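Residue numbering for the sequence shown follows the numbering used here, starting at 581 and increasing by one per position.
Heads up, the thing below is written out as structure tokens.
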Amino acid sequence: MVCMDAITFVDMSLNRFFLLGLIIVSLMGAGCNGSKTNLPESEAIPVTIKIARFEKDFFAVDTAQIDAQLTKLAVRYPVFFPSFLNAIVGINPADPQAAEAIKAFLKSYRPVYNSAQIRVEKALPEMANQLKKALQWLHYLVPAYQPDSPFVITTFIGPMDAYESFSIGDYGDVRTDNGVGVALQFHLGADDPVYENGLSSGMLYQYQVRRFTPETMVVNAMKNIIEDLFPYTFAGKPLVEEMVEKGKRLYLLQKVLPDVDDSLLIGYTGTQLQGCKENEALIWQFFVKNELLFSIDPSFNQSYIKDGPKTPELGENAPGNIGLFTGWQIVNTYMDQNEDMSISDMMNLPATKIFQASGYKPK
581 MVCMDAITFV DMSLNRFFLL GLIIVSLMGA GCNGSKTNLP ESEAIPVTIK IARFEKDFFA
641 VDTAQIDAQL TKLAVRYPVF FPSFLNAIVG INPADPQAAE AIKAFLKSYR PVYNSAQIRV
701 EKALPEMANQ LKKALQWLHY LVPAYQPDSP FVITTFIGPM DAYESFSIGD YGDVRTDNGV
761 GVALQFHLGA DDPVYENGLS SGMLYQYQVR RFTPETMVVN AMKNIIEDLF PYTFAGKPLV
821 EEMVEKGKRL YLLQKVLPDV DDSLLIGYTG TQLQGCKENE ALIWQFFVKN ELLFSIDPSF
881 NQSYIKDGPK TPELGENAPG NIGLFTGWQI VNTYMDQNED MSISDMMNLP ATKIFQASGY
941 KPK
């Protein structure tokens, strides 16, 4: 076990390298992966996408007749509605005060709803088209996966603090019983005024808000599907194993969304990702020289595999969750050496085997 107090960090002096990336504007697009982007028609299974605009029905509730209106909503959304109230909004439908709490929520979040109708409306059809292709790719690469039929995109608006940590990033979108739920409050565009209160109060941070764009809807949707398809419990594992497990999921995400910039997939800015690529060896040396790879202290490991604004030991401009980048590179190295291996087989390989067999040692 590694104790934070026992470590004297080796200063890898990466700050100047990450700063250098700020002036390399032409390289910011280098995050796009160069893999084949078009799935052969003969390999593309039929996928039917439907969009259920739950938030429109929810905010159309006549609060003067709220009990009857909520009953109708429960009939229309028999699974999603109670889950939405309980797990997302935090209201127990059986509570005698539930109706009043719902009224208060509708009033408080009306500005968010109004903004969503303007900012997200046009993006949903494109998101559905992207998602269809991604699901076809996922079935092609992992044949055991069968998309829900129809696959339903349920849009909703929840609280601004309904933001959870997952293996390859933090987000507020969810997996549903028949598809995915898209939390529109987190996709309005980073410049939307509704985020100002959250930023000023400390509920939200700038590194989170810059991801609150329509473009991340499909990214988070596929992250949810991959999380569901390949669940993993990270607590108590060595840091390098946690990094590789995260890297496996990011590797698959990149393959099913080949047209999406890598910076959107990993959650870094384009400059941060470029800085990581240029200084991959120095980042690795930091983990090795400080003997961090086999730490099994969850509270310590979180410093490198949890979403955050930065990794201060590597410089003020180094991204948080930097272990995700390193784990991704380990998996890339392994798969480059095993071109005939299917992604299904790779995803089921123990992380330690991938790490050891990769011989990862960037220069």
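Backbone N, C-alpha and C define an ideal beta-carbon position, used for all residues, glycine too.
Since the structure is predicted, the reported quantities are computational estimates derived from the model, not experimental observations.
{"query": "Where D741 falls, given that 16 or more other Cβ within 10 Å makes a residue buried", "result": "exposed"}
{"query": "The segment 751-770 touching the segment 791-805, judged by at least three CB pairs closer than 8 Å", "result": "yes"}
{"query": "Per-residue DSSP class, three states only, for G850", "result": "helix"}
{"query": "Per-residue DSSP class, three states only, for V732", "result": "strand"}
{"query": "Integer-rounded CB distance, given that Q716 should sit under 8 Å from A624", "result": "4 Å"}
{"query": "Counted within 10 angstroms of its Cβ, other Cβ atoms place D842 as buried (16 or more) or exposed", "result": "buried"}
{"query": "Distance, N901 Cα to S745 Cα", "result": "11 Å"}
{"query": "Per-residue DSSP class, three states only, for E635", "result": "helix"}
{"query": "Buried versus exposed, by CB contacts within 10 Å (16 or more), D750", "result": "buried"}
{"query": "Beta-ladder partner(s) of F746, from DSSP", "result": "G749"}
{"query": "Assigned secondary structure, R790 (DSSP; H/G/I helix, E/B strand, else coil)", "result": "coil"}
{"query": "Three-pair Cβ contact test at 8 Å for the segment 855-865 versus the segment 896-915", "result": "yes"}
{"query": "Environment of A632 [buried if 16+ CB atoms lie within 10 Å]", "result": "buried"}
{"query": "Rounded straight-line distance, which links the Cα of Q788 to that of L711", "result": "23 Å"}
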